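Data block below; observations after.
Numbering (our numbering), first residue to last: 28 to 394.
Now the structure itself:
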């Protein structure tokens, strides 16, 4: 990573029984860091501490080259977007966006490719210029969140903080706002921290990803790294890996490991040292599993192709895709094109087999 625009160094804070412990984060200019974790993990507390609402017991927060650890929130140059919009009900859309601009005395930034601090241009960019004279009560949820985001950019922030801003929105509005936000943040060159428990948001927005559990970062890296190579069963499940199977390494054949899962063998292509009887977790994305009706052909161990016969136990229609669960001595989930499912044969109780390559099996630790 290039020189950090934002550094959070060994940050600790205690709120009642909950504590953030030695939290460390770094962001470059225009980079989006997504904090992903379950409810109560500490995501919002992290944002609130960076914004200045909680005083840390130790650690440092540096934003835009300034140590802001001891500064009050209004002096940190941080734009904060909440999930509940937090618009002033007595002000118009234009007044809500302009209020932050009026309270900052420094001139507008020059040379920006996007209209940071330019209220009319921000209203236009976020699609609320025709609504400029309306009050928040006359806006839809999506329109209110667009106003909230425009207001955050109007303050010329050095850092943007988003606390689950899409949680109250319908799916179509959520998807469009995600796209608009990603383009705008990167064009503006402003670093942003985005909090969510929805891994779909994380996939769409993140340059870097930090998974938080019980006040600690349990894995951090590029979005691709965390999603494709989770380090533990917890992270794998939380980022949406459908098949997380406990097993033990039995032996190696060339670069293929034999993993005992229930009473079956799974093949995983790995350069890791062969430590027989080592407990591992085999992580297999449902998108890597091919499901075919009928009985499974034989398996060539050296080939490393996994083929597991079983019976279909459940189907869930997800629109273009259908999630199909198969009992093959262990539960396995695959995605099948819904058009193929409707063609017949894919019904509970039907015989089928799952096929996936050893290279699509990622091995992680169990906790």
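Virtual Cβ for every residue (Gly too), placed ideally from N, Cα, C.
Just so you know, these numbers come straight off a predicted model, no measurement behind them.
Collapsed DSSP secondary structure at residue 369 in the structure displayed: helix
From 54, 50, 389, 341, residue whose alpha carbon lies closest to that of residue 30: 54
Whole-angstrom distance between residue 212 and residue 218, CA atom to CA atom: 7 angstroms
Rounded separation between residue 269 and residue 157 - CA only: 44 angstroms
Simplified DSSP state of residue 100, which is helix, strand or coil: helix
DSSP three-state assignment for residue 195, whether helix, strand or coil: coil
Inter-stretch contact at 8 angstroms, needing at least 3 Cβ pairs: the region 271-283 / the region 229-241: no
C-beta atoms of residue 56 and residue 216 nearer than 9 angstroms: yes
Environment of residue 84 [buried if 16+ CB atoms lie within 10 Å]: exposed
Beta-carbon gap between residue 392 and residue 259 smaller than 9 angstroms: yes
Residues near residue 185 by beta carbon distance below 6 angstroms, same chain, minus five either side: 90, 91, 104
First through last residue of the alpha helix (DSSP H) which encompasses residue 290: Where residue 290 is concerned, there is no enclosing alpha helix (DSSP H), given that its DSSP letter is neither H nor E.
Among 97, 82, 320, 389, the one whose alpha carbon lies nearest that of residue 253: 389
Classification of residue 335 by the beta-carbon crowding that lies within 10 angstroms, buried from 16 upward: buried
Inter-residue spacing [alpha-carbon to alpha-carbon] between residue 245 and residue 343: 31 angstroms
Residues sharing a beta bridge with residue 418, DSSP: The shown model of the chain, from 28 to 394, leaves out residue 418, and the question about it has no answer.
Beta carbon proximity, residue 336 to chain D, threshold 9 angstroms: Any reference to chain D falls outside this structure, which holds one protein chain only.
Inter-residue spacing [alpha-carbon to alpha-carbon] between residue 70 and residue 377: 43 angstroms
Whole-number beta carbon distance between residue 78 and residue 114, since they are thought to touch under 8 angstroms: Between residue 78 and residue 114 the Cβ distance is about 18 angstroms, and since that is not below 8 angstroms, they are no contact.
Inter-residue spacing [alpha-carbon to alpha-carbon] between residue 284 and residue 387: 13 angstroms
Under the three-state DSSP convention, the category residue 70 falls into: helix
Reference residue 207; option with closest CA among 154, 222, 37: 154
Those residues which DSSP pairs with residue 333 across a bridge: 383
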